[in-house]
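FYI, the UniProt record's numbering numbers position 153 of the sequence shown as 153, with every residue one higher than the one before it.
Ideal Cβ positions, reconstructed from N, Cα and C, are used throughout, including at glycine.
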Amino acid sequence: MLKMTTEATARAFMESPHFAVVGASSNPAKFGNKIFAWYLQRSLPVTPINPGSATVEAGGSSHTTLPSLSALPDPKRTSVSVVTPPAATLKALREARELGVPAVWLQPGTFDDEVLRFAREDYGGEVVAGMEGGTRGGEGWCVLVDGDRALKAVGKL
């Protein structure tokens, strides 16, 4: 059952050896690009997930995408940031559960009540999501603001 996101939940997310971003984008104005670039800027091993594009441009270079979480080489050791509308987020969460993804970070705007209900009742892994305790801007836990603190706590920054 999903409890309120805490610093410990964010740390558990960052402990994974691999990361993926569902909804990675080449458009620098979109959060799918900003969040993917955040991982690149910290030299973290990150895979972009985008079924509609073979590559995404970020951090000054092109990166080959995967079409889905199922294509990840090691999903049981990959934490996943989700940057999609709620309907696509729910689909990604279901796939992540089936693959045994240990942790997901639902960025602000990616969830609604149905997504949070699934995360709470059915997901089974660590879930960083929600409005309480995260981003000082009040929009919820966001890797762009809260990620460095969690990375420092696990010795990766």
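Residue environment analysis places THR84 among the buried positions, since at least 16 neighbouring C-beta atoms fall within 10 angstroms of its C-beta. Counting only the Cα atoms, ALA58 lies some 12 Å from THR65. With a beta-carbon spacing of about 6 Å, PHE118 and LEU90 fall inside the 8 Å limit used to define contacts. Contact between the stretch 142–156 and the stretch 9–29 is present, with at least three C-beta pairs closer than 8 Å. Residues of the same chain with a CB within less than 8 Å of the CB of TRP38, apart from the 5 flanking positions on each side, are VAL143, LEU144 and GLY147 in chain order. Runs of beta strand (DSSP E) with 3 or more residues, each lying fully within the UniProt domain "CoA-binding" (13–110), are found at 18–22, 46–49, 55–58, 61–64, 78–82 and 103–106, listed in chain order.
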